[in-house]
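Structure, as structure tokens:
2 protein chains.
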Amino acid sequence: MKKGNMLIAQSGGPSMVINQSLVGAVLAARANRKVGKIYGSLHGIQGILDEQFIDLRKESARTLEAVAATPSSALGSVRRKPTHEDCIAIFAVLKKRDIRYFFYIGGNDSAETAYIINEEAVKAEYGISCVHIPKTIDNDLRENDHTPGYGSAARFVACAVRGDDLDNRALGGVKIDVIMGRNAGFLTAAAALARVDEDDGPHLIYLPERPFSIDRFIKDVKGCMKKYGRCVVAVSEGICDKDGTPIIAKFTQETDSHGNVQLSGTGALGDLLAKTVKERAAIKRVRADTFGYLQRSFPGIASEVDSKEARAVGVAAVQAAVDDDISRGSVVIRRKPTKKYGIKLEVVPLRKVARETRSMPDAFINRAGNHVTQAFLDYARPLVGALPLGDRFEQLKH
Amino acid sequence: MKKGNMLIAQSGGPSMVINQSLVGAVLAARANRKVGKIYGSLHGIQGILDEQFIDLRKESARTLEAVAATPSSALGSVRRKPTHEDCIAIFAVLKKRDIRYFFYIGGNDSAETAYIINEEAVKAEYGISCVHIPKTIDNDLRENDHTPGYGSAARFVACAVRGDDLDNRALGGVKIDVIMGRNAGFLTAAAALARVDEDDGPHLIYLPERPFSIDRFIKDVKGCMKKYGRCVVAVSEGICDKDGTPIIAKFTQETDSHGNVQLSGTGALGDLLAKTVKERAAIKRVRADTFGYLQRSFPGIASEVDSKEARAVGVAAVQAAVDDDISRGSVVIRRKPTKKYGIKLEVVPLRKVARETRSMPDAFINRAGNHVTQAFLDYARPLVGALPLGDRFEQLKH
Numbered sequence: 006m007k008k009g010n011m012l013i014a015q016s017g018g019p020s021m022v023i024n025q026s027l028v029g030a031v032l033a034a035r036a037n038r039k040v041g042k043i044y045g046s047l048h049g050i051q052g053i054l055d056e057q058f059i060d061l062r063k064e065s066a067r068t069l070e071a072v073a074a075t076p077s078s079a080l081g082s083v084r085r086k087p088t089h090e091d092c093i094a095i096f097a098v099l100k101k102r103d104i105r106y107f108f109y110i111g112g113n114d115s116a117e118t119a120y121i122i123n124e125e126a127v128k129a130e131y132g133i134s135c136v137h138i139p140k141t142i143d144n145d146l147r148e149n150d151h152t153p154g155y156g157s158a159a160r161f162v163a164c165a166v167r168g169d170d171l172d173n174r175a176l177g178g179v180k181i182d183v184i185m186g187r188n189a190g191f192l193t194a195a196a197a198l199a200r201v202d203e204d205d206g207p208h209l210i211y212l213p214e215r216p217f218s219i220d221r222f223i224k225d226v227k228g229c230m231k232k233y234g235r236c237v238v239a240v241s242e243g244i245c246d247k248d249g250t251p252i253i254a255k256f257t258q259e260t261d262s263h264g265n266v267q268l269s270g271t272g273a274l275g276d277l278l279a280k281t282v283k284e285r286a287a288i289k290r291v292r293a294d295t296f297g298y299l300q301r302s303f304p305g306i307a308s309e310v311d312s313k314e315a316r317a318v319g320v321a322a323v324q325a326a327v328d329d330d331i332s333r334g335s336v337v338i339r340r341k342p343t344k345k346y347g348i349k350l351e352v353v354p355l356r357k358v359a360r361e362t363r364s365m366p367d368a369f370i371n372r373a374g375n376h377v378t379q380a381f382l383d384y385a386r387p388l389v390g391a392l393p394l395g396d397r398f399e400q401l402k403h
Numbered sequence: 006m007k008k009g010n011m012l013i014a015q016s017g018g019p020s021m022v023i024n025q026s027l028v029g030a031v032l033a034a035r036a037n038r039k040v041g042k043i044y045g046s047l048h049g050i051q052g053i054l055d056e057q058f059i060d061l062r063k064e065s066a067r068t069l070e071a072v073a074a075t076p077s078s079a080l081g082s083v084r085r086k087p088t089h090e091d092c093i094a095i096f097a098v099l100k101k102r103d104i105r106y107f108f109y110i111g112g113n114d115s116a117e118t119a120y121i122i123n124e125e126a127v128k129a130e131y132g133i134s135c136v137h138i139p140k141t142i143d144n145d146l147r148e149n150d151h152t153p154g155y156g157s158a159a160r161f162v163a164c165a166v167r168g169d170d171l172d173n174r175a176l177g178g179v180k181i182d183v184i185m186g187r188n189a190g191f192l193t194a195a196a197a198l199a200r201v202d203e204d205d206g207p208h209l210i211y212l213p214e215r216p217f218s219i220d221r222f223i224k225d226v227k228g229c230m231k232k233y234g235r236c237v238v239a240v241s242e243g244i245c246d247k248d249g250t251p252i253i254a255k256f257t258q259e260t261d262s263h264g265n266v267q268l269s270g271t272g273a274l275g276d277l278l279a280k281t282v283k284e285r286a287a288i289k290r291v292r293a294d295t296f297g298y299l300q301r302s303f304p305g306i307a308s309e310v311d312s313k314e315a316r317a318v319g320v321a322a323v324q325a326a327v328d329d330d331i332s333r334g335s336v337v338i339r340r341k342p343t344k345k346y347g348i349k350l351e352v353v354p355l356r357k358v359a360r361e362t363r364s365m366p367d368a369f370i371n372r373a374g375n376h377v378t379q380a381f382l383d384y385a386r387p388l389v390g391a392l393p394l395g396d397r398f399e400q401l402k403h
């Protein structure tokens with residue numbers, strides 16, 4: 006039976022429910038006698054390096070519950086991959102404070118950080134549990150059926166596109182919505198949940214899993230205009246040409262410490278696509294919106310299922326590390342093979358989740374590579390929940 | 006006592022509650038024996054020219070209520086200013102169908118259209134009531150305390166900025182949010198409703214009512230970074246330089262039939278401002294989001310007060326035209342001078358609302374011209390309602 010202090014931190018892009026995981030873990034730890042102090046590190050590993058901690062035993066349950074329901078990372082976040090020197094410095098802090106439980110909430114880069122810290126701990130023969138708690142709106146963590154944060158971001162996207170499609174019906178033309186997702190199209194694909202009738206948008210969906218061809222895109226848009234007299238397009242910020250070069254990379258050079266090109270926080274891709282449609286398809290009214298950070302931070306619309314699951318993975322991480330004496334691993338979500346939606350949680354080796362990501366399975370993408378399949382809709386709907394206006398909302402027939 | 010058929014149409018940019026006005030008017034008319042047929046014209050005056058009508062007596066009350074709660078213009082919209090030839094064609098249709106009540110739901114351009122049609126009707130000695138029903142998320146109609154559509158769009162903006170500010174807390178740097186509003190800053194100003202504590206964003210707000218200076222902007226951002234270590238900026242798409250030239254006009258040329266430059270549906274302004282901050286303030290992490298059409302179409306978050314008032318102006322328009330025999334005018338919203346929020350509706354001459362718009366009063370803008378005053382917050386809060394996370398939501402103290 007291990008006894009010691011605990012440290013928890015958040016990393017990478019925030020989500021609407023990442024604080025559920027934090028609070029789930031903290032409340033579980035507070036109820037467990039093996040856990041001493043509970044440090045919340047500010048801004049991920051940066052907070053360890055700077056010894057910027059807050060005492061998570063001191064916060065009232067009421068405050069913690071309020072924080073759980075608040076979007077974004079309450080401890081602050083960071084995008085930093087630890088160097089060897091960082092690891093040495095981190096250990097000095099962990100040892101000094103007798104930290105025996107380390108929980109890192111984040112995506113694949115965060116799992117990699119947990120993996121690196123664990124490897125160094127093993128080398129240094131320092132007994133610590135390093136557990137990664139999954140979080141990413143991109144839904145691109147391997148081993149997981151889906152990831153906490155995705156359902157809520159997908160809900161935002163589906164709502165936004167549903168409203169946007171109604172808007173496009175009113176004034177016509179082409180509307181392009183650029184949606185987050187570096188390598189995986191799950192979030193962009195969620196736009197399809199907005200549809201009720203066959204003529205509802207999004208009429209076209211472009212994912213990073215398929216090479217993006219401007220010629221093909223223009224042809225698709227023209228076809229859609231001919232068929233419906235209007236066209237709503239959902240496109241992933243991460244779309245690449247046939248050589249694998251992100252379309253956006255032609256317009257921006259900024260990269261983060263993990264070597265990723267900046268995709269979000271700019272309207273460049275949408276503007277480029279809109280300009281191209283205007284010129285090449287000779288359509289007058291073409292508009293583009295880039296949903297941006299709202300997708301991961303909009304308050305008040307988190308998916309209920311996502312909120313609950315985000316809480317559950319935090320609880321499960323503490324149970325695994327403290328009660329089951331699991332020294333390292335990543336909590337993953339599996340879907341039960343039952344008709345009624347349900348999940349079970351497991352812990353897998355960190356390396357199975359760290360570094361590489363996963364993409365949309367082929368079965369989720371239509372043959373033409375410009376929309377999703379029913380299999381995707383069946384997969385995503387329980388994660389997102391019922392949308393505003395309902396499943397069969399009535400419109401005036403024109 | 007006039008008897009005759011009625012025609013109703015929607016024009017200009019959609020809103021989240023414009024269908025409340027439509028349904029309010031239609032249900033009021035259906036209950037009134039003076040009204041015969043009720044034509045819904047598709048896509049505003051375009052539908053009259055093309056004789057594209059739907060029979061609004063045939064729709065069930067259940068369908069109409071569903072439509073009322075749905076964002077965007079259910080009859081379709083148009084941006085078209087009628088020419089003299091259009092007017093002649095329109096009269097031919099109105100006369101042929103014995104239309105004696107004409108209701109046009111829209112902003113100042115739509116009021117102008119109603120005004121033009123009314124003028125032509127007077128010249129032709131054709132007895133018809135032309136009543137304009139107010140709608141604009143810009144909140145820029147003269148004579149009105151505020152306009153239907155504004156409260157809901159403002160609610161979206163306040164929610165989005167509240168979430169975005171939490172997001173910015175997590176990862177730091179400068180975040181620029183570009184918000185709709187051609188000449189009036191009301192919608193951008195609503196970002197301020199997101200704040201609870203003094204260090205909450207938006208830290209800076211730039212409105213079309215004050216000349217925008219890049220130098221001043223950079224200085225403000227640097228000051229904010231020094232004070233808070235981060236900076237969230239709300240900026241109107243309609244900001245102009247000291248000569249009155251829209252900043253965005255340097256990047257786009259598209260105009261509509263009313264001669265307005267295209268401001269929305271492009272991320273160019275946000276990207277320009279972000280690039281400038283990066284270069285001139287030497288800040289690494291600078292992001293821009295342009296909220297775009299989501300501000301007027303997002304389902305499920307309409308303001309309750311706004312929804313009720315949008316319904317009420319539709320009802321009032323029909324009562325004025327049918328019961329009070331008012332032949333022309335625009336329904337306007339006045340605020341009662343009571344402590345508890347309340348409104349009353351009046352009808353004013355069309356020319357008082359048509360064409361020119363109004364801007365934010367000076368009392369709503371701070372002296373530095375980079376934020377709003379308490380007077381604005383007191384003005385806007387009842388229109389928007391309580392926000393998700395509440396009035397004093399708790400955060401972990403760093």
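Keeping their order, the protein sequence lines are chains A and G. Here this note's numbering runs 5 ahead of the position in the first sequence, where the first position is 1. Here this note's numbering runs 5 ahead of the position in the second sequence, where the first position is 1. Backbone N, C-alpha and C define an ideal beta-carbon position, used for all residues, glycine too. Quick caveat: nothing in here was measured; it's all calculated off a predicted structure.
- request: Check whether the Cβ of residue 304(G) lies closer than 8 Å to any Cβ atom in chain B.
  value: The structure shown contains no chain B; its protein chains are A and G.
query: Can a CB atom of chain G be found closer than 8 Å to the CB of residue 167(A)?
result: yes
message: Buried or exposed, going by whether 16 or more other CB atoms sit within 10 Å of the CB of residue 36(A)?
response: exposed
- prompt: Going by the CB atoms, is the gap between residue 320(G) and residue 139(G) shorter than 8 Å?
  reply: no
query: By the 10 Å Cβ neighbour count, where 16 or more other Cβ atoms means buried, how is residue 180(A) classified, buried or exposed?
result: buried
- request: Note down, in chain order, every chain G residue with its Cβ under 7 Å from the Cβ of residue 249(A).
  value: Simply none; closest approach about 25 Å.
- prompt: Which chain G residues are close to residue 164(A), counting only those with a beta carbon under 7 Å from its beta carbon?
  reply: 303, 304, 305
task: From the DSSP output, in three-state form, read off residue 137(G) for me.
output: strand
task: Could you list which residues in chain A have their beta carbon closer than 7 Å to that of residue 72(G), in chain order?
output: 399, 400, 401
task: Please classify residue 343(G): is it buried, with 16 or more other beta-carbons within 10 angstroms of its beta-carbon, or exposed?
output: exposed
task: Would you mind telling me which residues of chain G sit closer than 7 Å to residue 436(A), beta carbon to beta carbon, in chain order?
output: There is no way to answer for residue 436(A), as the model of chain A reaches only from 6 to 403.
query: Hey, is residue 33(G)'s beta-carbon within less than 8 Å of any beta-carbon in chain A?
result: no
field: Listed by chain order, chain A residues near residue 59(G) by CB distance under 9 Å
entry: 401, 402, 403
- request: Measuring alpha carbon to alpha carbon, tell me which of 322(G), 300(G), 231(G), 351(G) ends up nearest residue 164(G).
  value: 300(G)
task: Please classify residue 346(A): is it buried, with 16 or more other beta-carbons within 10 angstroms of its beta-carbon, or exposed?
output: exposed
query: So, helix, strand or coil for residue 161(A), using DSSP?
result: helix
message: Short of 8 Å Cβ to Cβ, which residues in the region 197-226 of chain G face chain A?
response: none
- request: Just list the beta strand (DSSP E) runs in the region 249-330 of chain G, keeping only unbroken ones of 3 residues or longer that don't cross its boundaries, in chain order.
  value: 291-295
query: Quick one: is residue 65(G) buried, meaning 16 or more other Cβ sit within 10 Å of its Cβ, or exposed?
result: exposed
- prompt: Using a beta-carbon distance below 8 Å, is residue 45(A) in contact with chain G?
  reply: yes
Residue-chain proximity (residue 193(G), chain A), Cβ-Cβ < 8 Å: no
- request: Quick one: grab the DSSP three-state call for residue 47(A).
  value: coil
message: Using 8 Å as the cut-off, can you tell me whether the region 96-108 of chain A makes contact with the region 117-130 of chain A, which would need three or more C-beta pairs spanning the two stretches below that distance?
response: yes
field: Supposed close pair residue 450(A), residue 23(A) - CB separation, criterion 8 Å
entry: Residue coverage of chain A in this structure runs from 6 to 403, which leaves residue 450(A) outside it and unanswerable.
query: Name the chain G residues that come within less than 8 Å of residue 360(A), Cβ to Cβ?
result: Ordered by position in chain G, no residue passes the 8 Å Cβ test against residue 360(A), which lies about 21 Å from the chain.
query: How long is the line joining the alpha carbons of residue 149(G) and residue 334(G), rounded to whole angstroms?
result: 13 Å
- request: Note down the Cα distance separating residue 142(A) from residue 272(A), rounded to an integer number of angstroms.
  value: 20 Å
- prompt: Where does the unbroken alpha helix (DSSP H) through residue 226(G) begin, and where does it stop?
  reply: 219-233
Integer-rounded CB distance, given that residue 215(A) should sit under 8 Å from residue 370(A): 7 Å
query: Which class does residue 241(G) belong to by DSSP, given the choice of helix, strand or coil?
result: strand
message: For residue 357(G) and residue 137(G), I'd like the C-alpha separation in whole angstroms.
response: 11 Å
message: Under 8 Å: do the region 280-291 of chain A and the region 176-190 of chain A share three or more Cβ pairs, one atom per stretch?
response: yes
For residue 99(G), the first and last residue of its enclosing beta strand (DSSP E): No beta strand (DSSP E) contains residue 99(G), which is instead part of the alpha helix (DSSP H) from 89-101.
query: From residue 25(G) to residue 330(G), what does the alpha carbon distance come to, in whole angstroms?
result: 23 Å
task: Assign residue 4(A) to one of three DSSP states: helix, strand, or coil.
output: There is no way to answer for residue 4(A), as the model of chain A reaches only from 6 to 403.
Range covered by the alpha helix (DSSP H) that runs through residue 182(G): Not the alpha helix (DSSP H): residue 182(G) falls in the beta strand (DSSP E), residues 178-184.
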